[in-house]
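Going down the list, the sequences are from chains G and D. Using my numbering, the letters of the first sequence correspond one by one to residues -11 to 128. Using my numbering, the letters of the second sequence correspond one by one to residues 1303 to 2531.
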Amino acid sequence: MNERFLRIKRIVLGPRNREFSKKVEELSGETVNLCEQCGTCSGSCPMVGEMDITPSFMMRMVQLGEEEVLESKTFWICASCYTCSVRCPRGIDPAKVAEALRQIKLRAALDFLDISKITEEEAKTLPQIALVAALRKFTG
Amino acid sequence: MVVARDVEHMCSEDGQKFILNDVAEHSLNRVVVASCSPLFHEKTFMKTMEKANLNPYLFDMANIREHCSWCHTSKQQATKKAEDLVRMAIAKCALHEPLQRKRMPIGKRVLVIGGGIAGIQASLDLGDSGFEVYLVEKEASIGGKMAMLSKTFPTEDCATCIIGPKLADVAEHPNIHLYTYSEVESVSGYLGNFHVRVRRKPRYVDLNKCTACGDCAKECPVEMPNEFNLGLSKRKAIHIYNDIAVPHKYLITKIGTPPCRASCPIHVNVQGYIQLIKKGKFEEALALVRETNPFPGITGRICTHPCESACTRENVDEPLAIDLLKRFVYDYAEKQEKKWELNPPPFNGKKVAIVGSGPAGLMAAFNLRMLGYEVTVFERMPEIGGMLRYGIPTYRLPREVLDKELNVLHEIGVQFITGFEVIGKEGISQLLQDFHAVFLAVGTWHSRKMGIPGEDLPGVTGALEFLREANLGKITQVQGKAAVIGGGNAAIDAARTLLRLGAQEVEIIYRRTRNEMPANPEEIEEAIMEGIKLRFLEAPTQIEKDEVGLLLTLQKMELKEPDSSGRRRPVPVPGSEVKEVFQFVVMAVGQELESENRFDLKMEDGRISADPLTLETSMPGVFAGGDAVLGPATFIEALAHGKKAAISIDRFLNFEDMRIGRELEGPFPSQVQVETAGVEKSPRARPKLDLPKSLVSHFAEVNPGLPQEAVKGEAERCLNCGGCSECGECVRACEPKAINFGELERVEELEADTIIVATGFDLFDPSLKPVYQYGSSSSILTALELERIIATGSSGPPLRAIGNKVAFIQCVGSRDEQIGRENCSRICCMYATKLAQLLKRLDPSREIYIFYTDLRAYGKGFEEYYKRAQKSGIRYIRGRVAEIQRDPQSGALILTAEDTLTKGIISAEFDTVVLSAGLVPSPDSDKISEMLKLAKSPDGFLQEAHPKFRPVDTLVDGVFIAGCAQGPKDIPDTVAQASAAASRAIRLMNKGYYEIEPISAFLHQELCDGCGICLSSCPVGAIVRERGTIKINEALCKGCGICLAHCPKEALDLHYYTNAEMKAQIEEALKGKKPDEIRVLVFADSICTYRLADNLGTSRISYPVETRIIRVPSGARVTPSLLLQAFSSGADGIFIGECDRRASPYPGSNQAIEENVRIVQEILKEEGAEAERLKYAELLTSLLTDFFKNVAALVKYVKREVPQISPEVRERIKERAQNLWERVQGARG
């Protein structure tokens, strides 16, 4: 069956969803509600071909408070090139939102990162941006 | 106070009922309302007072909203302040007296700025209503952007068809005076009294004579980009703006003096004659040259052509061969045996003597004779011509050409006396006895010597002497090896002459390198082609006699730092001498004037000293020019001096000023800039030089000139930098003789009562969004360009080809924070829908996609139109295009966007991409807003007075705005606003008067002692003395209050702001102050500052709560007496805000305030308080932050930076207020 035709999503607009949006807004410093879903970020993204949801879809899910967005690989494929941010007509920084999502994921599991403990195999398959994000938060 | 009531919505009918009831019930005779700004509702409540049968001026308002609750954050402190404000109002109102309103006359004249559809509609409405309209439009025709459109949405009316009749109506309307091709330069004054200066740009075509037949454009050789078609097509320099132009007349575009003409010392119209050559009009070209230069044949052969060095074409490939083109037309006419018909005027009785018949003298002779003077030229050589005959060899300038050209002078009656030398002071004195003026053009005929031993040996001569002898025929043969020392034109001439006289070998020895040689590059090349050897970095140190000839000792040189000439200095290399034998040596190391002080005139550096502007020498009536003044210079510079001398002598002999208006004589830098990118290269035409053969014919002319087949092509290379070339073809073609090149720009002054600003918009320039690659491909267009392409599509080949697969990109330059344009441009969704449908209809096979962010189809019929577009197969994709990529080989355009509705990424190729560019404020709006002091909205468009209720008013009384100048909108909304603005203007003007408040000065007669000091204080002269008594002319009085500070007895007072009322208000403002608090009083003028304070409140901008704002008509009303009273009663700081003087209806108020402030500041300083506590600033309604900054800074200063004023100091200030008058008089001197 075509991957597009999976179940229709039921969206809940409740307080829990708003909490998630707020958390991402706090962590990223971006007012995600400003996103008008124009698609400029997706059209500009050089890595969009490898992603499972487009950057604008990622923003939409954060806007609606859908925590499932954390399962996506999109923000790990993100190269943090900032093309989306310099072109966003609303002045939002989707790259920062992606970083916020990375941080939320990392904090859920990691307390401290010891680089010496990363095996060669892991280093090969880890998305590079994950290392950057983890190092940013956890070293020193 | 009898009744106090708390009412919500005081201004509503209900609220007002309370006033009416209470007045009746309690027999009230004064009313104070504490609510919003009086600028808002004062009028409303004053009407209520009238309804209650009370004089409206027995009323006052306390502004506790804009000035209190809206701008302060502490509820407690704001409430305290509100109490103060209410008490202040009550204290003032208690003293109010009944007053009657004043009427100001207003006429029926309206200035409409901008001739687009908004300006046109407003003008027609006003004209039809019987008002006089002055419609000023900067382009040559009215119509604006609407005239550029193909069809309009949603009805698809043809834009030009529907606007055409309106244009015609404007043209014929008896009440509308059209000023096209004009711009508003300045506006001053105020409602009912605007003084406008309009700059009328020259069309160079007489509107009364032009019939728009178009014969001129057919003949015009100059093509320029057609602005109406946005540069997509070309038009001629003389042109009509478009097919439906009103006025339907032609105009000429002159950009400026092109570099060729500007660099020519005599300003020959180079561009003009080149254009005529391009058209094959060789005779006309020659005639055009001869208007300035009587010697084209000579010039075309020997000129150093600075025009070619300046020619813009050099930025593309090579400069035009201007010199050779000029020579061609002369030679052509000679071949046709065409004679130059000259009509010299009869002699005017004055005689001029010219000494020297070289180029300077000959040019002066020609020009002076053609001005009517009797000219006699004295020449010491046997024939005339100077350097032309005795310096320049015949292979460069054949004697037949020289004689033919100079013959003209004989024909027009110039006298030549040859073989006659004018010597010394006596020589000149003798001339001055027989002639009215003398021009010395004797040249520099003495060869400079190097000063080395052996220079006087036989066989060694100077270059000038050598050339003269050779040209006289006195030297006919040279044998052996010859050396020429030097690197200028004289050296080359000497070397090539030596060769032709038989020398076996000729070597030019120069002490620098080829780069520094001053000779003409063509001459140097020809010399090398003829076999002359050039030796560099060598110089002779001595010459000795040898058995076989002359032994030269030559030393090698090397180049060091530059010397005074700017060229690197040659320095001898020690020990590098070589000795060589030559049979003949020519020294060509420079020229100088023949003997020092030849005429006993003042000299400068060995040359005759002459004023560079007029060429006057130290002796009155004697002028000098050419090489004698400049040192060895060029032929064309000599001609320039001849021309300049003729002008000077002409003015001198007519007792006119010789200096004015002569700055542009001589070469000047051209201001013209021409875009050269994209011009196809084409090589410069070259004459066929056949040098070894021509050597055989000895002194015959070497350069054959350009062949006729080459000249038109060469002339076509001209870029027409100056726009119109002034070739004169249009003048010749125009039957009604409507063309006048001499038309000047002029300024007209108009008086208007009201103004409507309708300056429209500009389209966003997409090159500001590089991701869309606008300009890199002819397939990427703006929507406006597409309008022109479609509009012109039926009348000829398309301006650009539109492909089959077309994409529209919306929101280009709108809704985009990255480029600082946040606003939506409102019409682009609809215009794209329209253009898409038009393209689809022209070719139904087209695939058209519109990439949008939101589709805005808000207006009447818009949604239905959008649906029609979808029905026709136009695809709408919701996704903002991120970028356009261009395949460098195929040129294909690839768009990338997300289809946000399915979350897929689109990457598709298109033939044509149309950018739906947004609307931006036009630079004219910016200019006008500054001129009229209009506020601008954050998006840069002009700000309306109130966003809901006053959409076409501005905060400047009498000035209205309409159309896209106020913000993006479509045509129906524009027309609606235009009619609205017209009706608002009519509303002000219709009664023939408007009313202003009876705020005028008056006299307490019992206090007045008739001293008359006040008489000179009023800037408008409203105070007069009649039969001994001082009287105030209320019709003239503006109610500013300047005069009040000039009355020693305080007998002069101001209605509604009397001294007593002001004092009471001030006291009340300071009464409630606690000892540790500070108070800053702000005296705000009604026009500007009070309004600014209101705006701060409306914008909810917080400022310190210690401020108390007191309204005054003008800050000048705040006399030193009041200021001192305020400080002594507890004020810690005072700020006076006044309207910027350019926008103020109160002339002189700013200076008056400055004076008052100065006086009080001195007193403060003297009494131990800081002068900085009193501040004054001029403000503009457009600059909100200025007011805020001033007030906040002052509060901060008195609160934190200085200690409180002590009670003793306050007591002293109070005393100073009593003896104020002596101080004031002293200060005024």
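We treat Cβ as the ideally placed atom computed from N, Cα and C, and that holds for glycine. Because the structure is a prediction, the values reported are computed rather than measured.
Residues that residue i contacts on chain D, provided the C-beta gap is smaller than 8 angstroms
i, result
"V0/G", "Per Cβ cutoff of 8 angstroms: no residues; V0/G is ~20 angstroms from chain D at best."
"S44/G", "E2200, T2202, K2205"
"Q25/G", "T2202"
Residue i and residue j closer than 7 angstroms at C-beta
i, j, result
"E2185/D", "T2198/D", "yes"
"P2038/D", "S1565/D", "no"
"T1594/D", "I1576/D", "no"
"F1433/D", "V2013/D", "no"
"A1393/D", "A2284/D", "no"
"L1644/D", "I1546/D", "no"
"R1505/D", "S1484/D", "no"
"V2382/D", "H1374/D", "no"
"F2001/D", "T1696/D", "yes"
"Y1675/D", "V1657/D", "no"
"A2386/D", "I2411/D", "yes"
DSSP state of residue i mapped onto helix, strand, coil
i, result
"G128/G", "Unreliable positioning characterises G128/G in this predicted model, as indicated by a pLDDT of 47, which lies under 50. A coordinate reading is not provided."
"K1652/D", "coil"
"G2196/D", "Note that residue 2196/D is Ile in the sequence shown, not Gly. In the structure shown, I2196/D sits in a strand (DSSP, three-state: E or B)."
"G2374/D", "coil"
"H1607/D", "coil"
"P2009/D", "coil"
"V1710/D", "helix"
"G2/G", "coil"
"V1435/D", "strand"
"Y2448/D", "coil"
"K1835/D", "strand"
"F1884/D", "strand"
"M1889/D", "strand"
"K2293/D", "coil"
Interface residues of chain G facing residue i [CB-CB closer than 9 angstroms]
i, result
"Q2120/D", "V74, R75, C76, P77, G79"
"G2242/D", "Result: empty, since nearest Cβ-Cβ is about 17 angstroms, beyond 9 angstroms."
Reference residue i; option with closest CA among the options
i, options, result
"V1304/D", "V1334/D, S1314/D, H1311/D, Q1318/D", "V1334/D"
"G2312/D", "F1886/D, I2298/D, T2331/D, E1310/D", "T2331/D"
"E2124/D", "G1602/D, G2095/D, I2150/D, F2066/D", "F2066/D"
"G2439/D", "V2462/D, V2414/D, E2336/D", "V2414/D"
"E2421/D", "Q1893/D, R2443/D, A2454/D, R2410/D", "The amino acid occupying residue 2421/D in the given sequence is Thr; Glu does not appear at that position. Ranking Q1893/D, R2443/D, A2454/D, R2410/D by Cα distance to T2421/D puts A2454/D first."
"A2353/D", "L2217/D, M2364/D, L2305/D", "L2305/D"
"Q1844/D", "F2262/D, Q1379/D, V1880/D, T2155/D", "V1880/D"
"R2182/D", "K2238/D, L2195/D, V2073/D", "V2073/D"
"K1528/D", "S2218/D, L2101/D, N2492/D, F1496/D", "Before going further, note that residue 1528/D is Asn rather than Lys in the sequence given. Measuring from the Cα of N1528/D, the nearest candidate turns out to be L2101/D."
Partners in chain G for residue i, counting only beta-carbon separations shorter than 8 angstroms
i, result
"G2220/D", "Near G2220/D there are no residues of chain G at all, since even the closest Cβ is about 12 angstroms away, more than 8 angstroms."
Contacts that residue i makes with chain D (C-beta to C-beta distance below 7 angstroms)
i, result
"S32/G", "A2184, E2185"
"V36/G", "I2207"
"T28/G", "R2182, A2184"
Exercise. Between the region 10 to 29 of chain G and the region 69 to 88 of chain G, do three or more beta carbon pairs fall short of 8 angstroms?
Worked result: yes
Exercise. Is the region 2175 to 2184 of chain D touching the region 2 to 21 of chain G in the sense that three or more CB pairs, one from each, lie closer than 8 angstroms?
Worked result: no
Exercise. Quick one: any contact between the region 59 to 68 of chain G and the region 2136 to 2148 of chain D, if contact means 3 or more CB pairs under 8 angstroms?
Worked result: no
Exercise. Would you call the region 1411 to 1428 of chain D and the region 2275 to 2287 of chain D in contact, with 3 or more CB pairs under 8 angstroms?
Worked result: yes
Problem set entry | the region 2367 to 2383 of chain D touching the region 1375 to 1391 of chain D, judged by at least three CB pairs closer than 8 angstroms | yes
For this session: Decide yes or no for the touch test of the region 2075 to 2095 of chain D against the region 2115 to 2129 of chain D: beta carbon pairs closer than 8 angstroms, at least 3 of them.
Result: no
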